[in-house]
Structures are given as structure tokens and as C-alpha cells.
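Student:
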Amino acid sequence: MTSAGYTTGLADGSNADEPGLVVQVQQGDTDAYAVLVQRHLPRALRVAWRVLRHREDAEDAVQDAFLRALERIDQCDPERPFGPWFFRIVATTAINKQRSSKRRETDELPETAVSDVIGPADAATLSVLRGEVDAALATLPAMQRQLIEMVTFEEFTPTEAAQVLEIPAGTARWHLHEARKALRTQLQSWLGDGGEDE
Numbered sequence: 703m704t705s706a707g708y709t710t711g712l713a714d715g716s717n718a719d720e721p722g723l724v725v726q727v728q729q730g731d732t733d734a735y736a737v738l739v740q741r742h743l744p745r746a747l748r749v750a751w752r753v754l755r756h757r758e759d760a761e762d763a764v765q766d767a768f769l770r771a772l773e774r775i776d777q778c779d780p781e782r783p784f785g786p787w788f789f790r791i792v793a794t795t796a797i798n799k800q801r802s803s804k805r806r807e808t809d810e811l812p813e814t815a816v817s818d819v820i821g822p823a824d825a826a827t828l829s830v831l832r833g834e835v836d837a838a839l840a841t842l843p844a845m846q847r848q849l850i851e852m853v854t855f856e857e858f859t860p861t862e863a864a865q866v867l868e869i870p871a872g873t874a875r876w877h878l879h880e881a882r883k884a885l886r887t888q889l890q891s892w893l894g895d896g897g898e899d900e
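Residue numbers (this note's numbering): 703 to 900.
Here it is, written out as C-alpha cells:
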């Protein structure tokens, strides 16, 4: 499980047959679309949650994004990966929802039973560190925060994140560099002497 309780990965771990699925959907096959939905739902929920920070709003945004994607499926090039095309729709839908509602809730990431794996003292330290990281992330400009979260927590490549956010890959790398530098400075007490060597 990851942020907001959403799991990682595609349903079957493979996207090798996606070009065929996209073509089938373009020909009206709703079962093929159901397969694409199942594969991309967990990651779509995480992308929307990272923007909205509210589970129900993220679920609404993803549902809207799946409907928009289906309406625009003829614009999807089956020769290119479905994921980046779709996640761009998810991110845009979530950003638009955030702008229209002006709702900036900051739900905490769900606490897991880390004390079951590590001792209570270490769990308390981890909780403090999580708070420090969340606070540091909150100080970043929106673009830098989104990129850091997508690349670090959602395991997007910088190029994939750039595609989703519709910015040049070089710009994404620059924002990531600046964000990491700012985070290293803010979290210096946790990083110790090794924080500047990255």
C-alpha cells in the first residue's frame, strides 16, 4: 500500500498488449476499456490524490478522467503508451478540480502499523520525520512538489512526469534538481553530513 491507501502497479504487471487494447476500445469494445481501467486505476488514484490531497475528490477526478479518456480515445495513438496520455488527463482533471473548488485540504497520509515492524521509539522518530518531510514538501512551488512526488513516490521517470505535466523534459529535470536542493537544505538535520554529497 502507498499514499492514501492505494496500491501500486498494474493489474497484471504488463502493458505489452496495450496497443491492441487501445485499438479495440477505439472500435467500441468496452471490455477492453475495462482492462485499461483496471490496469491504470491505482496509479491514477495516486496521481489525483497527490494533487488534491483528498481521497473522495481524487476518486471523483479519476472517474471524470476515465470518462474524458473514453470520449477522446480516438485521439490516443495506439503506437504510443496509453499511460502517459491518460495520466495527463488525470493530472489536468485533478488540477482543474482543485482550481474550481478552491479546496486545499491536507489529509495526512494514513498511518500504518510501523511499530509492528520497528520499535515504538523508532516509529515515533519515523512519524516526526514524516511530518518534517511533509512540511518541507509543502514549502516547494507546486510544480516542484508535484514532480518530486511523482518521481520519488509514484516511480514515474522524469520524462514520464514531464509528459503528464506537459512540460519539456529538461524543465522537469531542472525543477527536480531545484526541489532536491531545497529539500536537502530543509532536512539537513536529518541528513547529517552526507546530505550535500548527492
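Think of the CB as a built atom: it goes at the ideal place given N, C-alpha and C, for glycine as much as any other residue.
To which residues of the same chain is ALA840 closer than 7 Å at the C-beta, ignoring the five residues directly before and after it?
Tutor: The answer is none, since no qualifying residue turns up.
Student: Can you tell which of GLN726, SER803, GLN765 has the C-alpha that lies nearest to the C-alpha of PRO780?
Tutor: The residue with the shortest Cα to Cα distance from PRO780 is GLN726.
Student: Under a Cβ-count criterion, where at least 16 other Cβ atoms within 10 Å of its own Cβ denotes burial, should LYS799 be classed as buried or exposed?
Tutor: Buried, by the Cβ-count rule.
Student: Count Cβ pairs between the stretch 762 to 777 and the stretch 850 to 864 that sit closer than 8 Å; are there 3 or more?
Tutor: Output reads no: the stretch 850 to 864 does not touch the stretch 762 to 777.
Student: My guess is that ILE797 and VAL866 are in contact by the Cβ rule of under 8 Å, so how many angstroms apart are they, rounded?
Tutor: The pair is not a contact, with the Cβ atoms about 11 Å apart (cut-off 8 Å).
Student: Compute the distance between the beta-carbons of ALA874 and ALA884, then report whether it is under 9 Å.
Tutor: Not closer than 9 Å, so no.
Student: Using beta-carbon positions only, say whether GLU856 and VAL764 come within less than 9 Å of one another.
Tutor: Contact flag unset, no.
Student: Assuming VAL737 and LEU723 are in contact, meaning their beta carbons sit under 8 Å apart, how far apart are those beta carbons, in whole angstroms?
Tutor: At roughly 6 Å, the Cβ-Cβ gap stays under 8 Å, so VAL737 and LEU723 are in contact.
Student: Taking the alpha carbon of LEU831 as the reference point, which residue from LEU889, PHE858, ARG801 has its own alpha carbon closest?
Tutor: For the residues LEU889, PHE858, ARG801, the minimum Cα distance to LEU831 belongs to LEU889.
Student: With a threshold of 7 Å on Cβ separation, who are the neighbours of GLU834 within its own chain once the five nearest residues in sequence on each side are excluded?
Tutor: Hits under 7 Å: LEU889, TRP892.
Student: Checking contacts by CB at 9 Å: is GLY785 closer than that to chain C?
Tutor: Here there is only one protein chain, and chain C is not present.
Student: In whole angstroms, give me the CA-to-CA distance for TYR735 and ASP836.
Tutor: Their backbone Cα atoms lie some 36 Å apart in a straight line.
Student: Tell me whether ALA844 is buried or exposed, calling it buried when 16 or more other Cβ atoms sit within 10 Å of its Cβ.
Tutor: Label assigned to ALA844: exposed.
Student: Using alpha carbons as the reference points, say which of ALA838, ARG745, GLY730 lies closest to ARG790.
Tutor: The residue with the shortest Cα to Cα distance from ARG790 is ARG745.
Student: Can you tell me the Cβ-Cβ gap for ALA881 and LEU842, rounded? I've got them flagged as a contact below 8 Å.
Tutor: With 8 Å as the limit, ALA881 and LEU842 qualify as a contact, their Cβ atoms being about 5 Å apart.
Student: Pick out whichever of PHE784, ARG757, HIS756 has its Cα sitting closest to the Cα of PHE768.
Tutor: The option with the nearest alpha carbon to PHE768 is PHE784.
Student: Would you mind reading off the limits of the alpha helix (DSSP H) that contains MET845?
Tutor: 844 to 850 is the extent of the alpha helix (DSSP H) around MET845.
Student: To the nearest whole angstrom, what separates the beta carbons of GLU761 and LEU747, a pair I think is in contact under 8 Å?
Tutor: At roughly 7 Å, the Cβ-Cβ gap stays under 8 Å, so GLU761 and LEU747 are in contact.
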